[in-house]
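In what follows, a structure is listed as structure tokens, so that the remarks can point back to it.
2 protein chains.
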Amino acid sequence: MPTNNTKERLLETATEMVWRNSYGSVSVDEICKAADVRKGSFYHYFKSKADLALACMERECDEAIGIMDRIFSPGKHPIQRVLDLSREALIHQREVQELYGQVCGCPFMTLGSEMAGHDAEGLCAKSDEVSRMFEAYYINLVRDLGAQGYLPASIDAVSRGEETYRYVVGMIMVARVQNSLVAVERDLLHGLFRIIGLRDEDVEAFLREKTPAA
Amino acid sequence: MPTNNTKERLLETATEMVWRNSYGSVSVDEICKAADVRKGSFYHYFKSKADLALACMERECDEAIGIMDRIFSPGKHPIQRVLDLSREALIHQREVQELYGQVCGCPFMTLGSEMAGHDAEGLCAKSDEVSRMFEAYYINLVRDLGAQGYLPASIDAVSRGEETYRYVVGMIMVARVQNSLVAVERDLLHGLFRIIGLRDEDVEAFLREKTPAA
DNA sequence: AGTGCTCTTGACCATTCAGTCAAGAGCACT
DNA sequence: AGTGCTCTTGACTGAATGGTCAAGAGCACT
């Protein structure tokens, strides 16, 4: 899995370790050891531990954008986006759980919550930025649902989008703390429909139309 | 505000520092200095740093139970409990924001997320336990709403209760990361009604009945 | 063969970390 | 006055921390 490239190896190892545990509990020495890199090389690529963490976030963020763009693709039916969001979130959490041996939740929220208050190297600003970017996807989704008549014209897309985002964050954060995906698997999708405000009939109609054979 | 009692002073100071920042970023020395206590005294009362953190959580938990018992009092109308929950959560977050100079979110989730993976001194087990206890309040609320005909008999109170709890957690965690209570103030209550699944008419009827003068 | 560059190495540093300990202060009970 | 207890003190330890540095390895270009 890891590349031969030293910098990439550091980023990958650090991402895993920080995400699994926390920024504060992982030392530069440990990261170096796990990545089989000497300390000097580390400080050739990164000017500090916080700088490494920031680079990890940026890497994760780029990857996340790709995934989110697929899930929230404006080319898809907005209800399909909700289905995909729920499905992909669960699959991703399960993959990471298997890979890292534990439910890890959202790396941006985890780090952002830990760093809140001591803005080392702009780490906390970055979490803020990422969370607001994520919100934008949800707001966009709500807007499309409204435009297609699935939601009353009166609703505030920003409010509803942010509520929806925060519901997902809560689902996933609690899953980390409880180290369990049971509730995510059982409830994420239905909660999404409800917090968004979709009518059951509309969802059912969409599902029927999607699989006319059933 | 702080008592003369050394142990209490340590607990109070540590709670504030850990909640504001994080467990990993606060050192025993710093806590001692801020509480004006010498290191030896610290280790007279607590056998380790993790032990102190656990004691802080237990103290916070006891206080939280008192507040939750009031909010979710079975003697109140269940819709009133929702109103109170939203109101008290905002007030509490605002108080802490003013006191500590920043939005701090939920101490149990913050610590629980940071500690996930390295279960020092049962800290992580405690967060898990607290989060499940909180869920119980929400499940109980949903059950009462169902029993009084506000929700369809078919719904699963556990699922819905947990979804509701997680929505609130998400709201508050994102508020911490973004260091802003705007969305909490604007959306928490309405999102609560929607994630629980209350009908607008029922809520409005309850509000009308409550203030017949208006 | 020599120059200049990036990357690597391992020894090194000052500081901070959690935690220890022996000695004593304060106080209550006899 | 003496005993026994809890609490306090400050000096101490050894390990770990984030970070530095000078020296060199490897390689490409001339």
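Just so you know, the protein sequences line up as chains A and B, in that order.
Residues 5 to 218 (this note's numbering) make up the first sequence, in order.
Residues 5 to 218 (this note's numbering) make up the second sequence, in order.
Yeah, the Cβ is synthetic: ideal placement off N, Cα and C, and Gly gets one too.
Looking at the C-beta of residue i, does it have a partner C-beta in chain B at a distance below 7 Å?
| i | result |
| --- | --- |
| H122(A) | yes |
| E64(A) | no |
| V86(A) | no |
| S117(A) | yes |
| D204(A) | no |
| V181(A) | yes |
| V207(A) | no |
| G195(A) | yes |
| G174(A) | yes |
| M21(A) | no |
| P6(A) | With a pLDDT of only 36 at P6(A), under the threshold of 50, the placement of this residue in the model should not be trusted, and no figure is reported. |
| D55(A) | no |
| D191(A) | yes |
| S158(A) | no |
| A38(A) | no |
| S135(A) | yes |
I believe residue i touches residue j by the beta-carbon criterion, under 8 Å. Please report the beta-carbon distance rounded to the nearest angstrom.
| i | j | result |
| --- | --- | --- |
| F50(B) | C36(B) | No, F50(B) and C36(B) are not in contact; Cβ-Cβ is about 11 Å, not under 8 Å. |
| S117(A) | V86(B) | Going by Cβ atoms, the distance from S117(A) to V86(B) rounds to 26 Å, so no, they are not a contact pair. |
| L56(B) | A18(B) | 5 Å |
| R170(B) | M175(A) | 5 Å |
| E166(B) | A187(A) | 5 Å |
| Y141(A) | M61(A) | Incorrect: roughly 18 Å between the Cβ atoms, too far for contact. |
| S29(A) | G28(B) | 5 Å |
| L14(B) | A39(B) | 5 Å |
| M113(A) | V22(A) | In fact, because the Cβ distance is near 13 Å, the residues do not count as touching under 8 Å. |
Please state whether DSSP places residue i in a helix, a strand or coil.
| i | result |
| --- | --- |
| I159(A) | coil |
| P6(A) | Because P6(A) carries a pLDDT of 36, less than 50, the predicted location of this residue cannot be relied on, and the following value inherits that uncertainty. Three-state DSSP puts P6(A) in coil, outside helix and strand. |
| Y154(B) | coil |
| K43(A) | helix |
| S131(A) | helix |
| C60(B) | helix |
| A54(B) | helix |
| L202(B) | coil |
| P4(A) | In this structure chain A extends from 5 to 218, so residue 4(A) is not present and cannot be described. |
| S184(B) | coil |
| G121(B) | coil |
| N3(A) | What the structure shows of chain A is the stretch from 5 to 218, and residue 3(A) is not part of that stretch, so it cannot be assessed. |
| Q97(A) | helix |
| S26(B) | coil |
| Q106(A) | coil |
| T215(A) | coil |
| F76(A) | coil |
For residue i, decide whether its Cβ has a neighbour in chain A, counting only Cβ atoms nearer than 7 Å.
| i | result |
| --- | --- |
| L58(B) | no |
| Y171(B) | yes |
| E102(B) | no |
| P166(B) | Note that residue 166(B) corresponds to Glu in the displayed sequence, not to Pro. True, the Cβ-Cβ gap to chain A drops below 7 Å. |
| S90(B) | no |
| S77(B) | no |
| G28(B) | yes |
| S52(B) | no |
| T219(B) | Any property of residue 219(B) remains undetermined from this structure, which presents chain B solely from 5 to 218. |
| M177(B) | yes |
| R24(B) | yes |
| G201(B) | yes |
| R147(B) | no |
| R98(B) | no |
| D132(B) | yes |
Use the C-beta contact count for residue i: other C-beta atoms within 10 angstroms, 16 or more gives buried, fewer gives exposed.
| i | result |
| --- | --- |
| A151(B) | exposed |
| S31(A) | exposed |
| P6(A) | Reliability fails at P6(A), whose pLDDT of 36 lies under 50, so the model's placement of it is uncertain and no value is given. |
| N25(A) | buried |
| I83(A) | buried |
| I143(A) | buried |
| A120(A) | buried |
| S90(B) | buried |
| T215(B) | exposed |
| P111(A) | buried |
| I75(B) | buried |
| A129(A) | exposed |
| R212(B) | exposed |
| E67(B) | exposed |
| A179(A) | buried |
| E20(A) | buried |
| D3(A) | Lying outside 5 to 218, the shown extent of chain A, residue 3(A) is not represented and no answer is given. |
| E102(B) | exposed |
> Looking at C-beta atoms only, is the number of pairs between the region 94-114 of chain A and the region 197-215 of chain A that lie closer than 8 Å three or more?
Replying inline: Under the three-pair Cβ rule at 8 Å, the region 94-114 of chain A does not count as touching the region 197-215 of chain A.
>> Under 8 Å: do the region 188-200 of chain A and the region 128-147 of chain B share three or more Cβ pairs, one atom per stretch?
In response: Put simply, the region 188-200 of chain A does not touch the region 128-147 of chain B. Fewer than three CB pairs are less than 8 Å apart.
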